[in-house]
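**Student:** Structure below; questions to follow.
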Amino acid sequence: MQTNFIFALLVGMIVPLQAPLNAFVARSLGSPLWATLVSLSVSVMATVPLLMLFRVSAPEFGNLGHVPWYGWLGGLCGVVFVASSVILAPKIGIANFAVLAIAGQIIGALVLDHFGFFGLTVKPINLFKVLGVAVMVGGILLVQYGNKASS
Numbered sequence: 027m028q029t030n031f032i033f034a035l036l037v038g039m040i041v042p043l044q045a046p047l048n049a050f051v052a053r054s055l056g057s058p059l060w061a062t063l064v065s066l067s068v069s070v071m072a073t074v075p076l077l078m079l080f081r082v083s084a085p086e087f088g089n090l091g092h093v094p095w096y097g098w099l100g101g102l103c104g105v106v107f108v109a110s111s112v113i114l115a116p117k118i119g120i121a122n123f124a125v126l127a128i129a130g131q132i133i134g135a136l137v138l139d140h141f142g143f144f145g146l147t148v149k150p151i152n153l154f155k156v157l158g159v160a161v162m163v164g165g166i167l168l169v170q171y172g173n174k175a176s177s
C-alpha cells in the first residue's frame, strides 16, 4: 500500500515538468496550441507501446456507440489542461500554476463526489473536507506570499 502512495507522489512530481517542457515546444512552433497537439500526439505514441508491453487486447470499438455524449469531454479536458499549462505556467510560475490547478482539481472532485455526477458514488462534503480545502487555500496564499517576499 505504501508503495502505491510513494509511486503516486513520484508521478505527481512529473506533472510540473509538463508545462515548461511544452513551453519549449510552443516557443519553437510559435503557438501553445501547436505545442498542445504535439504533446498529446506524443502521449498517443507513448501509449501504443504500453498497450503492446502489457498485452492489452483490442477493445470492441462498436461499444463506443454506448458512450454518452459527455463521455467524450474527457479528451477536451486534457486539451484545455495542457494548453492552459503552456500559456499560464510561464506567466504565473510553475509552483503557482501547480497549486492552483491542484486546488481546482480537489474542489472539482469534492463537487463531483458530493452530487455523484457521472455515476460516481455520492460522498457528501463534510466539515473535514471543507477544512482540508481551507488549509490548501492557505498553502496557496503562502506560496503566493513566498513569491512576493523573495522578489
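If you count the sequence shown from 1, position 81 lands on 107 in my numbering, and the numbers rise without skipping. The C-beta atom is built at its ideal place from N, Cα and C for all residues, glycine as well.
Threshold first: 3 residues or longer. Then list the beta strand (DSSP E) segments lying entirely within the stretch 72 to 107, N to C.
**Tutor:** Listed in chain order, nothing qualifies, since the stretch 72 to 107 has no complete beta strand (DSSP E) run of 3 or more residues.
**Student:** Measuring CB to CB, does isoleucine 113 end up less than 8 angstroms from proline 46?
**Tutor:** Not closer than 8 angstroms, so no.
**Student:** Going by beta carbon distance, what residues of the same chain come within less than 7 angstroms of alanine 109, once the five residues before and after it are set aside?
**Tutor:** So the qualifying residues of the chain are Pro58, Leu59, Thr62.
**Student:** Can you give me the start and stop residues for the alpha helix (DSSP H) that glycine 38 sits inside?
**Tutor:** Taken as a continuous stretch (DSSP letters only), the alpha helix (DSSP H) holding glycine 38 covers 28 to 55.
**Student:** For valine 159 versus isoleucine 133, is the C-beta distance shorter than 8 angstroms?
**Tutor:** Yes, Cβ-Cβ distance for valine 159 and isoleucine 133 is below 8 angstroms.
**Student:** Let me know the secondary structure DSSP gives glycine 145 once reduced to three states.
**Tutor:** Correct three-state label for glycine 145: helix.
**Student:** Can you grab the Cα-Cα spacing for the pair glutamine 170 / asparagine 122, in whole Å?
**Tutor:** For glutamine 170 and asparagine 122, the distance between alpha carbons rounds to 7 angstroms.
**Student:** Can you tell me whether serine 111 is buried or exposed, with buried defined as 16 or more other CB within 10 angstroms of its CB?
**Tutor:** So serine 111 ends up on the buried side.
**Student:** Can you tell which of Pro75, Gly142, Gly130, Ser83 has its C-alpha closest to the C-alpha of cysteine 103?
**Tutor:** Residue Gly130 is the option with its Cα nearest to cysteine 103.
**Student:** For glycine 119, does the three-state DSSP call read helix, strand or coil?
**Tutor:** If DSSP states are grouped into helix, strand and coil, glycine 119 belongs with coil.
**Student:** For isoleucine 166 and valine 148, I'd like the C-alpha separation in whole angstroms.
**Tutor:** Between isoleucine 166 and valine 148, the C-alpha separation is close to 28 angstroms.
**Student:** For alanine 124, does the count of other Cβ atoms within 10 angstroms reach 16, so buried, or fall short, so exposed?
**Tutor:** With 16 or more other Cβ atoms within 10 Å, it is buried.
**Student:** Indicate whether alanine 175 and proline 116 have their beta-carbon atoms separated by less than 8 angstroms.
**Tutor:** Not a contact, by the Cβ cut-off of 8 angstroms.
**Student:** Can you give the Cα-Cα distance for proline 94 and phenylalanine 31, rounded to whole angstroms?
**Tutor:** Using only the alpha carbons, I get a separation of about 32 angstroms.
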